[in-house]
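Adding 3 to a residue's 1-based position in the sequence shown gives its number in the working numbering.
Each residue gets a CB set at the ideal place from its N, CA and C atoms; glycine is no exception.
First comes the structure, then the notes that go with it.
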Amino acid sequence: MSGLSGSDDLNGMYEDIILDHYRNPRNTSSLSKPDLELDVNNPFCGDELKIQLNIKDDTITGVSVSGQGCAISQSSGSLLAERIQDSSTDTVIHVIEKVRKMMKDEPISDDDLDLIGDIEALQGVKKFPVRIKCALLGWSALEDLIKKP
Ligand code: ZN
């Protein structure tokens, strides 16, 4: 199962963004000295992601996301990497909340959409419950990494 089957699955603009990130993923080079690192997988689909972070003074100064799996999981990881680079951890926590909200089909404001940017493209997935796990795999991992007890 490699992802996007037909043109009915996602509307065109969203699909373009997702395929672009799938084919040309951002921030895949491993960090030489990650402060935080986590490997996660989604057994329902076979997706794997490795997330590495450098954090200095509550800012994400380095991020690497790499892995294998379906287009949704991998493009979501790339969108995540692009979005959180140079962001504060507080902002990242907000972004994670908005992404979860969006995927649960809860209403989100224009300000929220500005905050998440291109990640909005993932909302085309929300009508496919199985793929929501793919879309949120990286975000759940990120949350685990930065929300330390
Ligand atoms: Zn998947």
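(message) Let me make sure I understand the geometry here. Which of Ala-124, Phe-131 and Lys-129 has the alpha-carbon closest to that of Ser-81?
(response) Here the question's residue 81 lines up with position 78 in the sequence shown. Per the Cα distances, Ala-124.
(message) Taking the straight line between their C-alpha atoms, what separation do you get for Ile-135 and Ile-122?
(response) Within the sequence shown, the letter at position 132 stands for residue 135. Within the sequence shown, the letter at position 119 stands for residue 122. If you take the alpha carbons of Ile-135 and Ile-122, they lie about 13 Å apart.
(request) Would you mind sorting Arg-29 into buried or exposed? The rule is 16 or more other CB atoms within 10 Å of its CB. (result) Taking the sequence shown and counting its residues from 1, one reaches residue 29 at position 26. Buried, because 16 or more other Cβ atoms sit within 10 Å of the Cβ of Arg-29.
(request) Go ahead and pull the three-state DSSP assignment for Asp-19. (result) For the purposes of this step, residue 19 is taken as residue 16 along the sequence shown, with counting starting at 1. Looking at Asp-19 - three-state DSSP - the assignment turns out to be helix.
(request) Look at the alpha carbon of Lys-101 and the alpha carbon of Thr-94, and state the distance between them as a whole number of angstroms. (result) Your numbering for residue 101 matches position 98 in the sequence shown. Your numbering for residue 94 matches position 91 in the sequence shown. Cα to Cα, Lys-101 sits roughly 11 Å from Thr-94.
(request) Would you mind working out which of Ser-79, Asn-27, Leu-34 and Gly-49 sits nearest Arg-103, comparing C-alpha positions? (result) Mapped onto the sequence shown, residue 103 falls at position 100. Ranking Ser-79, Asn-27, Leu-34 and Gly-49 by Cα distance to Arg-103 puts Ser-79 first.
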